[in-house]
Structures are given as C-alpha cells and as structure tokens.
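Residue 7 is where the sequence shown starts when you use this note's numbering, and the numbers rise one by one after that.
Here's the structure we're looking at; comments come further down.
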Amino acid sequence: MSKIKKKNTFKMKWKCIESRIENPCLHYSRFILSPFQKGQADTLGTALRRTLLSEIQGTAITYIKYIQINNKKLEKVSHEYSHIEDVKESIHEIILNLKQIVLKSCIHESIFASICVSGPMRVTAEHIKLPSSVQVINKSQYIATITKPIDFSIDLVIERDRGFRVNDTRFSDLGYSYSIDALFMPVRNVNYNIHISKDGENEKEILFLEIWTNGSLTPREALRQASLKLIGFLHSFLFLENDDDSFSEEENKKLDNEAGRS
C-alpha cells in the first residue's frame, strides 16, 4: 500500500540577514523569505522586484521656476548650454547637479523651494531653503560656484511621484523657465535568487532578495511599501461576488468599448 504524502504546512518566515549603508545615498539590505513550494518563490520574487522598481514613490526637483541675479529675473535663454554671467556653470550643468539631489518627504502636492546666496561662494544642496516636510539626504551635493560678489537665487518646484518623468511641460504656461527630467524612483536596484532545500520528503524554495535604495527610505521600508502595494492591487478580487457594483454605468460603457477594440 503506497504511503500518502503529508500536506505541506509551511509557515512563511522572513529575516533581514545583511544590512549596510555604503554612503548617504546608497543603502543595501539582503532578505531571506522561506519556505515556498516549487514555483512560488519566483512568482513572488518577480512581483516584488517590479513593484519595488516602478511603484514606490519618491521626491525630486522637477522645475527651475526662475533664476535671479541681483534681484533681476533672468530671461529664459535659447538653450541650456548658455552660461550665466559670474556663475561658473552653464544652466545645463546646474540642472544636472540639481538632478543628483536626493530628497525625502511625504508631500502630496507641488511645493516651492529656493536658493538665495551671495557670492563669491560654492553652492551646495544644504543651501536650499525647504519646508519642514522635505529633507535633503546628500547636503554636500554640488550645485554651482558664484565667482563674483553678486546676489544669486533660484526658485525650484519639488514634487512627489513614481517612475521617471521626461520634459514635463505642465508649468510652461506659467512662465517657469526650465523643466528637469525627474527620477522619482527611490529603489535603485533589486536582485533575487532562489535556493532549493530538502527536508526529508519535502522540497522547499528559499527566496533571497537584495534591495538598494537612494537613502530617502531604507530597503526594509521599501519592501513594506511594495508588499502593501501588491496587497492593494489584489484586494478588489477578494470581493468578486460584487463585481456588478464595481463600476458606474458610464465606466461600464467605456470598458465595453475598450473590450470591443481588443
């Protein structure tokens, strides 16, 4: 008589097995999640990796509203490679330096920040005047050098979003000078690999997950946010018996049209 295999009753566990801060803008952690049955670890690893890289929100400078020299607003130049008198860097170089600034916040709308300094001096991210809801992670990030005794100021727009935004023109009608390609992704990289372990007759998978962040949040915080995102995505499917009430009549018409095109 053949033996009946016992049903696997694995209880999921996780642990952070390594964590380090390589520099203020690079935090690393390695996690272990186990046990999984065959095929489950890859399913979760793929979902977590994609969610960590694309769905976690971050904060970035998105616009230079305007630049002032000695309280006089500079007119927008024809191209970003133009230089500002008595400033070492071109506008393009200033924009590239501003893109490197890492910010931490919990804002829900666009806010303004400013740099107001008197030269000659070296301008860094710590010279940005920010509301208490926003914090600079890399305060030593270089922005520009003022070579003469002038008053120099920049007004900036800061936003919170996800992913990557290129050549945003939403504020062009307001006369804002320069759009900054914004990287809102606080998670820099994610790797995972799967180990197979045998315990008697049972074979289980162990998921190792590595996360690198830019310092605006820890890898542990990023993993928690990604997990909540995945739960949120799937939550609606727990109530499939109520699907007729999920959309309004107008939304149902639009969905029917989309279904007809596909």
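Beta carbons: idealized from backbone N, C-alpha and C, even for Gly.
All of these numbers come straight from a predicted model, not from anything done at the bench.
Close Cβ partners of residue i (< 8 Å) along its chain, the five nearest in sequence each way excluded
i: residue 118; result: 71, 161, 162, 163, 164
i: residue 58; result: 193, 196, 217, 228, 229, 232
i: residue 146; result: 130, 131, 132
i: residue 167; result: 63, 64, 66, 188, 190
i: residue 87; result: 96, 97, 98
Host beta strand (DSSP E) of residue i (start-end)
i: residue 150; result: 148–152
i: residue 74; result: 64–75
i: residue 130; result: 127–130
i: residue 43; result: Looking at the DSSP string, residue 43 is not in any beta strand (DSSP E), and its letter there is neither H nor E.
i: residue 31; result: First-last for residue 31: undefined, no H or E at that position.
i: residue 205; result: 193–205
i: residue 110; result: 109–111
i: residue 165; result: 157–167
Span separating the alpha-carbon of residue i from that of residue j
i: residue 53; j: residue 236; result: 8 Å
i: residue 123; j: residue 93; result: 12 Å
i: residue 245; j: residue 207; result: 37 Å
i: residue 23; j: residue 130; result: 36 Å
i: residue 190; j: residue 66; result: 6 Å
i: residue 108; j: residue 239; result: 28 Å
i: residue 99; j: residue 39; result: 44 Å
i: residue 198; j: residue 242; result: 28 Å
i: residue 263; j: residue 110; result: 42 Å
i: residue 55; j: residue 169; result: 14 Å
i: residue 44; j: residue 234; result: 24 Å
i: residue 68; j: residue 209; result: 50 Å
i: residue 112; j: residue 259; result: 37 Å
i: residue 21; j: residue 115; result: 35 Å
i: residue 17; j: residue 203; result: 15 Å
i: residue 141; j: residue 254; result: 41 Å
Contact check, residue i vs residue j, beta carbons under 8 Å
i: residue 101; j: residue 125; result: no
i: residue 222; j: residue 51; result: no
i: residue 143; j: residue 30; result: yes
i: residue 120; j: residue 105; result: no
i: residue 74; j: residue 159; result: yes
i: residue 173; j: residue 185; result: yes
Contacting residues, own chain, Cβ-Cβ under 6 Å from residue i (five flanking each side not counted)
i: residue 256; result: none
i: residue 171; result: 188
i: residue 47; result: 200, 211, 213
i: residue 36; result: 23, 24, 216
Own chain residues within Cβ distance below 7 Å of residue i, not counting five before or after
i: residue 77; result: 157
i: residue 137; result: 117
i: residue 27; result: 33
i: residue 154; result: 92, 125, 126
Exposure label - residue i; buried when at least 16 CB within 10 Å
i: residue 220; result: buried
i: residue 97; result: buried
i: residue 19; result: exposed
i: residue 62; result: buried
i: residue 225; result: buried
i: residue 128; result: exposed
i: residue 175; result: exposed
i: residue 149; result: buried
Extent of the continuous alpha helix (DSSP H) run through residue i
i: residue 225; result: 225–241
i: residue 103; result: 97–105
i: residue 46; result: 46–60
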